[in-house]
Amino acid sequence: NAGVTQTPKFQVLKTGQSMTLQCAQDMNHEYMSWYRQDPGMGLRLIHYSVGAGITDQGEVPNGYNVSRSTTEDFPLRLLSAAPSQTSVYFCASSKGSGEAFFGQGTRLTVV
Amino acid sequence: AQSVTQLDSQVPVFEEAPVELRCNYSSSVSVYLFWYVQYPNQGLQLLLKYLSGSTLVKGINGFEAEFNKSQTSFHLRKPSVHISDTAEYFCAVRTHTGFQKLVFGTGTRLLVSP
């Protein structure tokens with residue numbers, strides 16, 4: 008099993024550019040979420056989904072959009088990148104009361 | 124709302140010494156508790172979890188944690204650390220109902236030296 012797969016692993020963007028971070032899981036998990044990790048702040052929830060077609064905002068949603076058209080995929084879109092969005096992004100999936108499984112992360116730098 | 128406090132941002136320790144990483148949480152409802160480990164340039168991997176039952180939970184790589192409801196703590200322990208345990212450790216909580224989002228602490232970097 009691949010688990011949770013994130014692409015790309017690294018990305019450099021210029022301020023104002025847009026891009027999509029991809030996340031796919033092959034475990035048939037109903038819940039998927041995006042976190043950002045910044046030094047000294049742990050992981051903070053950006054957006055999450057409880058099933059196909061259902062998404063909601065987390066703790067730090069501004070500047071990001073998500074959609075969930077299938078159970079497997081949960082892409083995160085940066086509409087107009089800003090230096091404050093330089094971070095490491097993690098996608099996670101879980102089912103019921105089970106543990107969350109994390110992808111390997113995307114390290115994004117906005118210059 | 125839930126919150127997690129990891130007071131120690133960094134814990135240096137010598138190889139083969141015991142270690143305790145502290146975690147305290149706040150919640151008005153019952154929660155599940157987790158410890159995750161992150162090795163350099165890697166994602167997060169589950170070390171152990173407390174869902175119910177025995178308050179002493181054993182995880183992978185010789186780690187264990189004890190849930191203390193009265194002190195709202197879930198400290199992580201290992202009796203003898205190895206160089207390979209050098210990593211960042213995150214404590215997290217999750218509610219029992221709804222989306223069950225994870226709320227993380229700020230992390231503790233464990234530095235094991237020879």
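Protein chains in written order, with the working numbering: chain A, 8 to 118; chain B, 124 to 237. By construction, the Cβ of each residue, glycine as well, lies at the ideal position given by its N, Cα and C atoms.
#1: Taking contact to mean 3 or more Cβ pairs, one atom from each stretch, closer than 8 Å, check whether the region 19-33 of chain A and the region 74-90 of chain A are in contact.
#2: Report buried or exposed for A140/B, applying the criterion of at least 16 other Cβ atoms within 10 angstroms of its Cβ.
#3: Taking Cβ-Cβ distances shorter than 8 Å, what residues in chain B pair up with E79/A?
#4: What does DSSP give as the partner residue(s) for K172/B in the beta ladder?
#5: With a threshold of 16 other CB atoms inside 10 Å of the CB of H36/A, please say whether the residue is buried or exposed.
#6: Less than 7 Å between C-beta atoms, sequence neighbours within five positions excluded: which residues of the same chain meet that for N72/A?
#7: Using DSSP with H/G/I as helix, E/B as strand and the rest coil, what is P135/B?
#8: Can you look up G58/A in the DSSP assignment and give me helix, strand or coil?
#9: Kindly list, in the order they appear in chain B, the residues whose Cβ is closer than 7 Å to that of A107/A.
#10: Grouping DSSP H, G and I as helix and E and B as strand, with all else coil, what is Q44/A?
Taking the geometry as given:
#1: The region 19-33 of chain A vs the region 74-90 of chain A: in contact.
#2: Position 17 of the second sequence holds residue 140/B. Counting Cβ neighbours within 10 Å, A140/B comes out exposed, since fewer than 16 surround it.
#3: Walking along the first sequence from the start, residue 79/A turns up at place 72. Chain B residues near E79/A: none, gap ~18 Å exceeds 8 Å.
#4: Looking up residue 172/B in the second sequence gives position 49. As a beta-bridge residue in DSSP terms, K172/B pairs with F157/B.
#5: As a working note, residue 36/A is residue 29 in the first sequence. With 16 or more other Cβ atoms inside 10 Å of its own Cβ, H36/A counts as buried.
#6: Here the question's residue 72/A lines up with position 65 in the first sequence. R84, L86, listed in sequence order.
#7: On the second sequence, position 12 is the one that residue 135/B refers to. Strand at P135/B.
#8: By one-based count along the first sequence, residue 58/A stands at place 51. In the structure shown, G58/A sits in a strand (DSSP, three-state: E or B).
#9: Position 100 of the first sequence, counting from 1, holds the residue named residue 107/A. Within chain B, the C-beta atoms nearer than 7 Å to that of A107/A come from L225, in chain order.
#10: Residue 44/A sits at position 37 when you count from the first residue of the first sequence. In this structure, DSSP gives Q44/A an extended state, which the three-state scheme calls strand.
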